[in-house]
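So the structure is just underneath, and the comments pick up after that.
2 protein chains.
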Amino acid sequence: MEIEFAKCNCADCMLKSLLYKHLSNDEMASMCYSKAEKPYRKGEVIIEEGTPIDNFVYLKEGLVKLFKRIDNTKSQIISIAKPFDFVSLLSVFSNTTYNFSVSALEDSTVCIVDLNLMKDLIRKNGSFALDIIEKMNVASDSIINSYLDRNRKNLRGRIAYILLYFSDEIYKTEKFEIPVSRKEIAELIEMTTENVIRVMSEFRKDKIIQINGKEITILNKEMLVKICNAG
Amino acid sequence: MEIEFAKCNCADCMLKSLLYKHLSNDEMASMCYSKAEKPYRKGEVIIEEGTPIDNFVYLKEGLVKLFKRIDNTKSQIISIAKPFDFVSLLSVFSNTTYNFSVSALEDSTVCIVDLNLMKDLIRKNGSFALDIIEKMNVASDSIINSYLDRNRKNLRGRIAYILLYFSDEIYKTEKFEIPVSRKEIAELIEMTTENVIRVMSEFRKDKIIQINGKEITILNKEMLVKICNAG
DNA sequence: CGCGGCTTTGATGTTCATCAAGTAAAGTGG
DNA sequence: CCACTTTACTTGATGAACATCAAAGCCGCG
Chain C
87 MEIEFAKCNC ADCMLKSLLY KHLSNDEMAS MCYSKAEKPY RKGEVIIEEG
137 TPIDNFVYLK EGLVKLFKRI DNTKSQIISI AKPFDFVSLL SVFSNTTYNF
187 SVSALEDSTV CIVDLNLMKD LIRKNGSFAL DIIEKMNVAS DSIINSYLDR
237 NRKNLRGRIA YILLYFSDEI YKTEKFEIPV SRKEIAELIE MTTENVIRVM
287 SEFRKDKIIQ INGKEITILN KEMLVKICNA G
Chain W
87 MEIEFAKCNC ADCMLKSLLY KHLSNDEMAS MCYSKAEKPY RKGEVIIEEG
137 TPIDNFVYLK EGLVKLFKRI DNTKSQIISI AKPFDFVSLL SVFSNTTYNF
187 SVSALEDSTV CIVDLNLMKD LIRKNGSFAL DIIEKMNVAS DSIINSYLDR
237 NRKNLRGRIA YILLYFSDEI YKTEKFEIPV SRKEIAELIE MTTENVIRVM
287 SEFRKDKIIQ INGKEITILN KEMLVKICNA G
């Protein structure tokens, strides 16, 4: 038994406790056997909307964006996801093709499990099913909630929100490389690129943040929080 | 066996085929036994955000809105749901308290099942679990999709979208009583009440629709579709 | 019958998108 | 490796879309 786990080390994987805590050793082994781990470089597309869903895909490491393509040059970013956020899975059991695209904002690793195996496990193991349901509910709740939060705000409030999001939720520090372009920020908060830049420059002039290309330093967090809440 | 179903007629319920098709007779009976059916009048609140989740609630009949309260006078409507849309359930397995409020837009009937019983059924019956997962995925997909669709449009496009939504999806006729106030339309499309009224008056003047209080008649559907898509 | 909430229209103002133009950075092929 | 092209970034000027403010009529309800 233990040897089988060692082959792919799912049992050691941090995800086990979160995602697979109700799987038996045998079940875990069969999943490990079918599982593939795949690395992606920053910028690469992991899932393309419209392609058939035949795998269950989750993020093990890295940072990704979940988005919809509008046309050749424009997209709309729905959500940014870190490991365990589970968002790439929202439509996995409901459709034959993906509804959203996913691409890597940073070098990332995804685990890929055959969808039919996953469905079998769910059918055979109700406790595991309940775990999956809970995870999915949390994911959809948080996507909808953060989306509503952002979009209720005005331009300045949205920029503040995003800066605080990266600082507080993703990097846990005041100084970080922002993993998205100005254009992607615009696609995330549904504003124009020009206005994103304008407001960020404004924040820079007001000594609220410091900008060095992609490197952002939050100088006055209280003010940023204030702008975020006032928006 | 048959007698037990007759008591609460879950077995005959149209929902059975959709929601409970994988439940055994015994399981169905235990659910029926615990189930309560509750009618609500137009305008009544069915679920209040922040209250504890201890039931599994679904819409059997009627029309409801799913919304978040902003303050005492304002709300934001996330989605409108008809029977089988299942939306009131998005967070039911992930939280201890409701994230959204739900109220009746028309006289409605909801079925209420004890949440622990529901969880037991899921744990014991994986096929049922998979059904639930699929339903939830469809629900969250459609909420997110329609939200993005609407909000990409300009004011006129959003109004056209909503009018077409009620005509095509809900009432399946060109002439209907709109079940929401002007203010609620505004909350649904995230615009001001005044502008909702302004654009609807504009549509009236342009002979695209006819307005008689809450009674709307779509006179020129092609034009409305055009405005919706152009938005 | 009068009060509060919903509806309607008009006048005014703000916010944000669009257009334009230029610099910097990052790939790309000879 | 360097010219070349493309993509990202930045700032300013202008205009359009939408919010806000104001005022009045309407309707239901206590």
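First to last, the sequence lines map onto chains C and W. Here the first sequence stands for residues 87 to 317, numbered as in this note's numbering. Here the second sequence stands for residues 87 to 317, numbered as in this note's numbering. Virtual Cβ for every residue (Gly too), placed ideally from N, Cα, C.
Under the rule that 16 or more other beta-carbon atoms within 10 Å means buried, what is C:A316, buried or exposed? Working through the first sequence from its first residue, we reach residue 316 of chain C at position 230. Flag for C:A316 reads exposed.
Flag C:D227 as yes if its beta-carbon sits less than 8 Å from any beta-carbon of chain W, otherwise no. The residue you call residue 227 of chain C lines up with position 141 of the first sequence. Contact of C:D227 with chain W is assigned, a C-beta pair being separated by under 8 Å.
Expressed to the nearest angstrom, what Euclidean distance is found between the alpha-carbon atoms of W:T137 and C:L203? Working through the second sequence from its first residue, we reach residue 137 of chain W at position 51. Working through the first sequence from its first residue, we reach residue 203 of chain C at position 117. Going from the Cα of W:T137 to the Cα of C:L203 covers about 37 Å.
Per DSSP, the bridge partner or partners of W:K255: As a first step, residue 255 of chain W is located in the second sequence; it is residue number 169 there, counting from the start. Looking at the sequence shown, residue 255 of chain W is not Lys but Glu. Under DSSP, W:E255 shares a beta bridge with no residue.
If we count Cβ pairs, one from each stretch, closer than 8 Å, do we get three or more for the region 280 to 297 of chain W versus the region 242 to 250 of chain W? With a cut-off of 8 Å, the region 242 to 250 of chain W and the region 280 to 297 of chain W count as touching, because enough Cβ pairs lie within range.
Taking the C-alpha atoms as reference points, what is the distance between C:I297 and C:K261? To locate residue 297 of chain C, count along the first sequence from 1; it is residue 211. To locate residue 261 of chain C, count along the first sequence from 1; it is residue 175. In a straight line, the C-alpha of C:I297 is about 10 Å away from that of C:K261.
Endpoints, alpha helix (DSSP H) assigned at W:R238: Here residue 238 of chain W refers to the residue found at position 152 when the second sequence is read from its first residue. Per DSSP, W:R238 is one residue of the alpha helix (DSSP H) stretching across G212 to R238.
When Cβ atoms are compared, which residues of the region 192 to 218 of chain W fall closer than 7 Å to chain C? Only those residues of the region 192 to 218 of chain W whose C-beta falls short of 7 Å from the nearest C-beta of chain C are listed: K205, I208, R209, K210, N211, G212, S213, A215, L216 and I218.
Is there a Cβ from chain C that is less than 8 Å from the Cβ of W:K154? Locating residue 154 of chain W in the second sequence gives position 68, counting from the first residue. Output row for W:K154: interface = yes.
Where W:E301 sits in the DSSP three-state scheme: Indexing the second sequence from 1 puts residue 301 of chain W at position 215. Assigned with DSSP and collapsed to three states, W:E301 falls in strand.
Could you tell me how far apart the beta carbons of W:I248 and W:I230 are, in whole angstroms, since I believe they sit closer than 8 Å? Counting from 1 along the second sequence, the entry for residue 248 of chain W is found at position 162. Counting from 1 along the second sequence, the entry for residue 230 of chain W is found at position 144. In fact, because the Cβ distance is near 18 Å, the residues do not count as touching under 8 Å.
Inspect the beta-carbon positions of W:L310 and W:K293 and report whether they are closer than 8 Å. In the second sequence, the residue the question calls residue 310 of chain W occupies position 224. In the second sequence, the residue the question calls residue 293 of chain W occupies position 207. It is not a contact, given that the beta carbons lie outside the stated cut-off.
Just the C-alpha distance for W:A197 and C:T279, rounded to the nearest angstrom, thanks. As a working mapping, residue 197 of chain W is identified with position 111 in the second sequence. As a working mapping, residue 279 of chain C is identified with position 193 in the first sequence. Note that residue 197 of chain W is Cys in the sequence shown here, rather than Ala. If I take the Cα positions, the gap works out to 48 Å.
For W:I313, count neighbouring Cβ atoms within 10 angstroms of its own Cβ and tell me buried if that reaches 16, exposed if not. Working through the second sequence from its first residue, we reach residue 313 of chain W at position 227. Under a 10 Å Cβ-count criterion, W:I313 is classified as buried, with 16 or more other Cβ atoms of the shown protein chains found around its own Cβ.
Tell me which residues share the same chain as W:I218 and place their Cβ nearer than 7 Å to its Cβ, disregarding the 5 neighbours each side in the sequence. Along the second sequence, one-based indexing puts residue 218 of chain W at 132. Sequence-distant partners of W:I218 (beyond 5 residues in either direction) whose C-beta falls short of 7 Å from its own C-beta, in its chain, are I208.
Would you tell me roughly how many angstroms separate the C-alpha atoms of W:M277 and W:K239, rounded to the nearest one? Along the second sequence, read from residue 1 onward, the residue named residue 277 of chain W stands at position 191. Along the second sequence, read from residue 1 onward, the residue named residue 239 of chain W stands at position 153. If I take the Cα positions, the gap works out to 11 Å.
Three-way DSSP call (helix, strand, coil) for W:L109 in this model: Locating residue 109 of chain W in the second sequence gives position 23, where the first residue counts as 1. Here W:L109 sits in coil by DSSP.
Whole-Å CB distance - C:K154 paired with W:L176, under 8 Å assumed: Counting from one through the first sequence, the residue named residue 154 of chain C turns up at place 68. Counting from one through the second sequence, the residue named residue 176 of chain W turns up at place 90. About 20 Å separates the beta carbons of C:K154 and W:L176, which is beyond the 8 Å limit, so they are not a contact pair.
So for W:R155, helix, strand or coil by DSSP? On the second sequence, residue 155 of chain W is found 69 positions in, with the first residue counted as 1. Looking at W:R155 - three-state DSSP - the assignment turns out to be strand.
Identify the continuous alpha helix (DSSP H) that holds W:L176 and give its terminal residues. For the purposes of this step, residue 176 of chain W is identified with residue 90 of the second sequence, where counting begins at 1. Per DSSP, W:L176 lies in no alpha helix (DSSP H) and is assigned neither H nor E.
By Cβ distance below 6 Å, which residues in the same chain neighbour C:I166 in space, the five residues on each side in sequence not counted? Here residue 166 of chain C refers to the residue found at position 80 of the first sequence. Correct list, in chain order: K151.
Starting from C:S180, find everything on chain W with Cβ-Cβ shorter than 7 Å and list it in chain order. Start at 1 with the first residue of the first sequence, and residue 180 of chain C comes out as number 94. Near C:S180 (Cβ distances below 7 Å), the residues of chain W are E220, N223, V224 and D227.
Please tell me whether W:I248 has its Cβ less than 8 Å away from any Cβ of chain C. In the second sequence, residue 248 of chain W corresponds to position 162, counting from 1. Not one chain C Cβ lies under 8 Å of W:I248.
Beta-ladder partner(s) of C:F186, from DSSP: On the first sequence, residue 186 of chain C is found 100 positions in, with the first residue counted as 1. Beta-bridge annotation (DSSP): C:F186 is not paired with any residue.
Can you list, in chain order, the residues of the region 233 to 247 of chain C whose Cβ is nearer than 9 Å to any Cβ on chain W? Of all residues in the region 233 to 247 of chain C, Y233, L234, N237 and R238 have a Cβ within less than 9 Å of some Cβ in chain W.
When you compare the CB of W:L145 with every CB in chain C, is at least one pair closer than 8 Å? Within the second sequence, residue 145 of chain W is the residue found at index 59, counting from 1. So, not an interface residue.
Suppose only complete runs of 3+ residues qualify. What are the beta strand (DSSP E) ranges in the region 271 to 315 of chain C, listed by chain order? You should have 295 to 298 and 301 to 304.
Can you name the residues of chain C whose CB is closer than 7 Å to the CB of W:S110? On the second sequence, residue 110 of chain W is found 24 positions in, with the first residue counted as 1. Ordered by position in chain C, no residue passes the 7 Å Cβ test against W:S110, which lies about 13 Å from the chain.
For W:L145 and W:P125, which I take to be in contact (beta-carbon distance under 8 Å), what is that distance rounded to the nearest angstrom? Counting from 1 along the second sequence, the entry for residue 145 of chain W is found at position 59. Counting from 1 along the second sequence, the entry for residue 125 of chain W is found at position 39. Actually they do not touch by this definition, with Cβ atoms about 12 Å apart.
With 16 other Cβ atoms within 10 Å as the buried cut-off, status of C:A141: Locating residue 141 of chain C in the first sequence gives position 55, where the first residue counts as 1. The sequence given here has Asn at residue 141 of chain C, not Ala. Per the 10 Å Cβ criterion, buried.
Output the distance between the C-alpha atoms of W:D206 and C:S189, rounded to the nearest integer angstrom. Residue mapping note: residue 206 of chain W aligns to position 120 of the second sequence, counting from 1. Residue mapping note: residue 189 of chain C aligns to position 103 of the first sequence, counting from 1. So the two alpha carbons sit approximately 37 Å from each other.
Check the Cβ-Cβ distances between C:N315 and every residue of chain W, and say whether any is below 8 Å. Position 229 of the first sequence holds residue 315 of chain C. Not a single CB atom of chain W sits nearer than 8 Å to the CB of C:N315.
Check whether the Cβ of C:I164 lies closer than 8 Å to any Cβ atom in chain W. Position 78 of the first sequence, counted from the first residue, corresponds to residue 164 of chain C. With 8 Å as the cut-off, C:I164 counts as an interface residue toward chain W.
Secondary structure of W:N141, DSSP reduced to three states: The residue given as residue 141 of chain W occupies position 55 in the second sequence. Residue state for W:N141 is assigned as strand, using DSSP reduced to three classes.
Taking the straight line between their C-alpha atoms, what separation do you get for C:F186 and C:S120? Position 100 of the first sequence, counted from the first residue, corresponds to residue 186 of chain C. Position 34 of the first sequence, counted from the first residue, corresponds to residue 120 of chain C. Spanning the two alpha carbons is a distance of roughly 25 Å.
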